[in-house]
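In what follows, a single structure is set out as structure tokens and then discussed.
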Amino acid sequence: MTRRTWLFEPEGVVPYDAANDAMHDLARRRLDDVIPDAAILLQHPPVFTAGRRAKPEHLVWSEDEATAHGAEVHHIDRGGSFTFHGPGQLVGYPILHLGGRPDAARYLRSLEAAVIRTGAELGVQLHRRGDVQTGVFAGEDKVCAIGVRLMRTRVTLHGFAINCDTDLSWFDGIVACGLPDNGVTSLSRLLDRDVTVEEVRPIVRHALAAELDLAFEEAPADELALLRSPLVA
Amino acid sequence: MTSIQMPQLGETIVEGTILKWLKAEGEAVERDEPLFEISTDKVDTEVPSPVAGTLTTILVAEGETVPVGTRLAEVASDEDSAVAPAGEAAASSAPPTSLASGGPSGETPGQGASDASTSPASAPAAPAAPTAGASSAPDRGPRSQILSPLVRKLAQEHGIDLSTVSGTGTGGRITKADVMAAVTSGPGPTSAAVVAAAAPAAVTPPSVGAAAVEGETVEPMSHIRKAIATHMVASVNETARAWTMVEVNVEHLVRLRERAKDAFLAVHGVKLTYLPFVVRATVDALQAFPAVNSRIAGDDVVTPRAVHMGIAVSYDAGLIVPVIRNADVMNSVGVARAIADLAARARSHQLKPDEVQGATFTITNPGPYGSLISVPIINQPNVGILSLDGIQRRPVVVEGDAIAVRSMVYVSMSWDHRLIDGEIATRFLARVKQNLESWDFAEDLGI
Numbered sequence: 001m002t003r004r005t006w007l008f009e010p011e012g013v014v015p016y017d018a019a020n021d022a023m024h025d026l027a028r029r030r031l032d033d034v035i036p037d038a039a040i041l042l043q044h045p046p047v048f049t050a051g052r053r054a055k056p057e058h059l060v061w062s063e064d065e066a067t068a069h070g071a072e073v074h075h076i077d078r079g080g081s082f083t084f085h086g087p088g089q090l091v092g093y094p095i096l097h098l099g100g101r102p103d104a105a106r107y108l109r110s111l112e113a114a115v116i117r118t119g120a121e122l123g124v125q126l127h128r129r130g131d132v133q134t135g136v137f138a139g140e141d142k143v144c145a146i147g148v149r150l151m152r153t154r155v156t157l158h159g160f161a162i163n164c165d166t167d168l169s170w171f172d173g174i175v176a177c178g179l180p181d182n183g184v185t186s187l188s189r190l191l192d193r194d195v196t197v198e199e200v201r202p203i204v205r206h207a208l209a210a211e212l213d214l215a216f217e218e219a220p221a222d223e224l225a226l227l228r229s230p231l232v233a
Numbered sequence: 001m002t003s004i005q006m007p008q009l010g011e012t013i014v015e016g017t018i019l020k021w022l023k024a025e026g027e028a029v030e031r032d033e034p035l036f037e038i039s040t041d042k043v044d045t046e047v048p049s050p051v052a053g054t055l056t057t058i059l060v061a062e063g064e065t066v067p068v069g070t071r072l073a074e075v076a077s078d079e080d081s082a083v084a085p086a087g088e089a090a091a092s093s094a095p096p097t098s099l100a101s102g103g104p105s106g107e108t109p110g111q112g113a114s115d116a117s118t119s120p121a122s123a124p125a126a127p128a129a130p131t132a133g134a135s136s137a138p139d140r141g142p143r144s145q146i147l148s149p150l151v152r153k154l155a156q157e158h159g160i161d162l163s164t165v166s167g168t169g170t171g172g173r174i175t176k177a178d179v180m181a182a183v184t185s186g187p188g189p190t191s192a193a194v195v196a197a198a199a200p201a202a203v204t205p206p207s208v209g210a211a212a213v214e215g216e217t218v219e220p221m222s223h224i225r226k227a228i229a230t231h232m233v234a235s236v237n238e239t240a241r242a243w244t245m246v247e248v249n250v251e252h253l254v255r256l257r258e259r260a261k262d263a264f265l266a267v268h269g270v271k272l273t274y275l276p277f278v279v280r281a282t283v284d285a286l287q288a289f290p291a292v293n294s295r296i297a298g299d300d301v302v303t304p305r306a307v308h309m310g311i312a313v314s315y316d317a318g319l320i321v322p323v324i325r326n327a328d329v330m331n332s333v334g335v336a337r338a339i340a341d342l343a344a345r346a347r348s349h350q351l352k353p354d355e356v357q358g359a360t361f362t363i364t365n366p367g368p369y370g371s372l373i374s375v376p377i378i379n380q381p382n383v384g385i386l387s388l389d390g391i392q393r394r395p396v397v398v399e400g401d402a403i404a405v406r407s408m409v410y411v412s413m414s415w416d417h418r419l420i421d422g423e424i425a426t427r428f429l430a431r432v433k434q435n436l437e438s439w440d441f442a443e444d445l446g447i
């Protein structure tokens, strides 16, 4: 059954807190079944986020150093270790109700499949490395981080982050996802041309719709205000 | 009482870690209110309570990682009566699963009864006990040791030594009412008498870790080991175990297996052991004596029409009992295939939670390891567990009062005297014996 899905595509960069609050707000209402599924596609200003499995040693820079570089550090409620978000990276937060028998593993595979499909359209062969970690890789290098949390085991939170033309030197600040031996790459580096977020966005939208059977519609105007920072408290 | 289990978040997610309990023991919880948070290798989630009620027991502590399906806590739903009788809670809340102590690793040469890679086996001495949940279970020791924060606090406030208080809660747990009763009755002879009267349920002090001594190694018991231990003891405590043995002449089965095993392997891709014959013979006996296929649930006796046969399989973590579902509709080939599949997946940790639950009867097979006679512990809530021990060539008296050498085996059953009596148990075993001695399994092998 195709899922009616509100699509949020805020312009510019959205502060992490604002997006995080909006995502949780939407998820709570999705849980109560008062809104349809939703998906947010956005870019953040530079921010390091630490999941529950983040170990201090995975942050190479100190939090002060990160701040000095112009990045915030947030400790958040998803699983996984540290990751980086910033300009040039397309971040997706699907807020989907997984139903009465939620299959989180299948949902993660669908996210991975959507990113792999996106890469294929752009001409790069990506793959999952289920034995190593959730995410999408090119060779040994991660091009898309995936980290998901569920609300009450059934509504999805957080999501994926595809490096389009991200400044990869930001990743020097962390051991990405706690995997010291894995590098990080971007679609631009893989394709040896500038692949922007705006080029990737419609492809991702299409791939998500196909893999998760979503029918996107623009979110109502008053809902869009959720993500128009700094109106979000 | 509602058992809360580690949820299945997808087929490939096999275990989860308790990050945080959001409610304490004794605290009320609404239906669908988050009860705890878990982390898996893929996702984290908060898990809501399926019912409104009171969180009575936390069985798995924060930071512990347990398989999907493991019982984590118990919530007394608002619809439950205030205090469930201990036996009822135990009987209704525990789907049977993994059991028993791990068997010795060596196969006895010349035994020929079966092959270690395809044939389940259990320890000769102590094959089975039930556990709740998937392949592991709560491991906070006997319930009688678990004290809610409220009880601890009350006891402290009133200066009550909890080791002198007898518990009337589920499994002998000390409840708030017990503490208040102790406060009211005061110290002295009264409470001492209560302790004496309720000795089995009395609280024992928490175990103290062993100190390493020269020449000894000390390591913590695994979750599974502890779960096995808990459920072994629970079974022994809760069942009225009796045991009956018959001797079976399996001469023709040994010959049949010798004759057919190569062709069987070639045609069906699995080794032919004696276990499928025993499963078939036992299924027939269970159908003839349905009481042996039943279980106690509270004050009721539940008798399933189908036979779901639990087979004890030893593996690296201990012992587990995968279940051949609807064994009553299978021939020997189907049973052999099911056993080979379940045993292989048990040993590679690939069993799904529902494949180790719901056995209506259990068979353990220590024979290949060289046992002669075993007295297994009942896999609750089953009524009985049948043990197939080692086949031996020995002189027996045969027709015409002659003495001849025959392949003989002892087949025995531990059974729960609460539900059946000696007559049924013995007639059941006699039926198994008769089936094994008289049935011609050749056609059943499909070769």
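For the record, the sequence lines run as chains L and H.
Counted the way our numbering counts, the first sequence spans residues 1 to 233.
Counted the way our numbering counts, the second sequence spans residues 1 to 447.
The C-beta atom is built at its ideal place from N, Cα and C for all residues, glycine as well.
Check your understanding: Is it true that the stretch 323–339 of chain H meets the stretch 299–313 of chain H, where meeting means three or more beta-carbon pairs spaced less than 8 angstroms apart?
Key -> yes
Practice item. Give the residues of chain H in contact with L/P243, contact being defined as C-beta atoms less than 7 angstroms apart. Key: In the structure as shown, chain L begins at 1 and stops at 233. Residue 243 of chain L is therefore absent and cannot be evaluated.
Practice item. Note down, in chain order, every chain L residue with its Cβ under 7 angstroms from the Cβ of H/T12. Key: A105
**Study point:** Contact list for the stretch 19–51 of chain H against chain L, Cβ threshold 7 angstroms
**Key:** L19, D32, P34, S39, K42, V43, D44, T45, E46, V47, P48
Practice item. Could you say if the stretch 359–367 of chain H and the stretch 328–342 of chain H meet the contact criterion of at least three C-beta pairs nearer than 8 angstroms? Key: no
Check your understanding: So, is H/S39 buried or exposed, given that buried needs 16 or more other C-beta atoms within 10 angstroms?
Key -> buried
Check your understanding: To which residues of the same chain is H/S407 closer than 6 angstroms at the C-beta, ignoring the five residues directly before and after it?
Key -> V250, E251, V254, I391, R393
Check your understanding: For L/V34, which of L/L41, L/D77, L/L96 has the nearest alpha-carbon?
Key -> L/L96
Practice item. Measure the Cβ-Cβ separation of L/V73 and L/T67 and say whether it is below 9 angstroms. Key: yes
**Study point:** Proximal residues to H/A425 (C-beta, below 6 angstroms), its chain only, five neighbours per side dropped
**Key:** T244, W415
Check your understanding: Using the rule of at least 16 other Cβ atoms within 10 Å of the residue's Cβ for burial, across every protein chain shown, is H/A227 buried or exposed?
Key -> buried
Check your understanding: Whose Cβ in chain H lies nearer than 8 angstroms to the Cβ of L/R152?
Key -> D32, P34, T45, E46, V47, P48
Practice item. With DSSP collapsed to three states, give me the class of H/P395. Key: strand
Check your understanding: Whole-angstrom Cβ separation of H/T57 and H/E74, contact assumed at under 8 angstroms?
Key -> 4 angstroms
Practice item. Check each residue of the stretch 106–130 of chain L: if its Cβ is closer than 7 angstroms to any Cβ of chain H, include it; give the result in chain order. Key: R106, L108
Review point. Is H/H308 helix, strand or coil when you go by DSSP?
Key: coil
Exercise for review: For the alpha helix (DSSP H) containing L/Y107, list its first residue and its last residue.
Suggested key: 104–122
Point to revise | Whole-angstrom distance between L/D172 and L/S81, CA atom to CA atom | key: 15 angstroms
Check your understanding: Closer than 9 angstroms, CB to CB, is L/G79 near chain H or not?
Key -> yes
Exercise for review: Could you say which of L/I116, L/D167, L/T153 lies nearest to L/P87 if we only look at CA atoms?
Suggested key: L/D167
Exercise for review: Spell out whether any CB of chain H is found under 9 angstroms from the CB atom of L/V136.
Suggested key: no
Practice item. For chain H, find out if any of its Cβ atoms is closer than 9 angstroms to the Cβ of L/V148; answer yes or no. Key: yes
Check your understanding: When the distance is taken between beta carbons, is H/V60 closer than 9 angstroms to H/P13?
Key -> Checking the displayed sequence, the identity of residue 13 of chain H turns out to be Ile instead of Pro. No, they are not a contact pair.
Exercise for review: May I ask you to report which of helix, strand or coil DSSP gives L/G173?
Suggested key: helix
Review point. Any idea what DSSP makes of H/N435, helix, strand or coil?
Key: helix
Review point. Can you name, in chain order, every residue of its own chain whose Cβ lies under 7 angstroms from the Cβ of L/L224, other than the five neighbours on each side?
Key: F8
Exercise for review: Say whether the stretch 45–52 of chain H touches the stretch 146–153 of chain L, bearing in mind that this needs 3 or more beta-carbon pairs closer than 8 angstroms, one atom from each stretch.
Suggested key: yes
Exercise for review: Taking only the alpha-carbon atoms, compute the straight-line gap between H/T239 and H/V356 and give it to the nearest angstrom.
Suggested key: 21 angstroms
Check your understanding: Roughly how many angstroms separate the alpha carbons of L/L183 and L/V175, rounded to a whole number?
Key -> Correcting the residue type first, residue 183 of chain L is Gly in the shown sequence and not Leu. Going by the C-alpha atoms only, they are around 9 angstroms apart.
Practice item. Identify the contact partners of L/R52 in chain H, using a Cβ-Cβ distance below 7 angstroms as the criterion. Key: L19, S39, D44
Point to revise | Cβ pair L/I116, L/L108 closer than 9 angstroms | key: no
Point to revise | Range covered by the beta strand (DSSP E) that runs through L/R129 | key: 127–129
Practice item. Helix, strand or coil for H/K352, going by three-state DSSP, please let me know. Key: coil
Check your understanding: Taking contact to mean at least 3 C-beta pairs separated by less than 8 angstroms, is the stretch 181–201 of chain L in contact with the stretch 14–32 of chain L?
Key -> no
Practice item. Report yes if the C-beta distance between H/S235 and H/A317 is below 9 angstroms; otherwise report no. Key: no
Exercise for review: For L/P46, count neighbouring Cβ atoms within 10 angstroms of its own Cβ and tell me buried if that reaches 16, exposed if not.
Suggested key: buried
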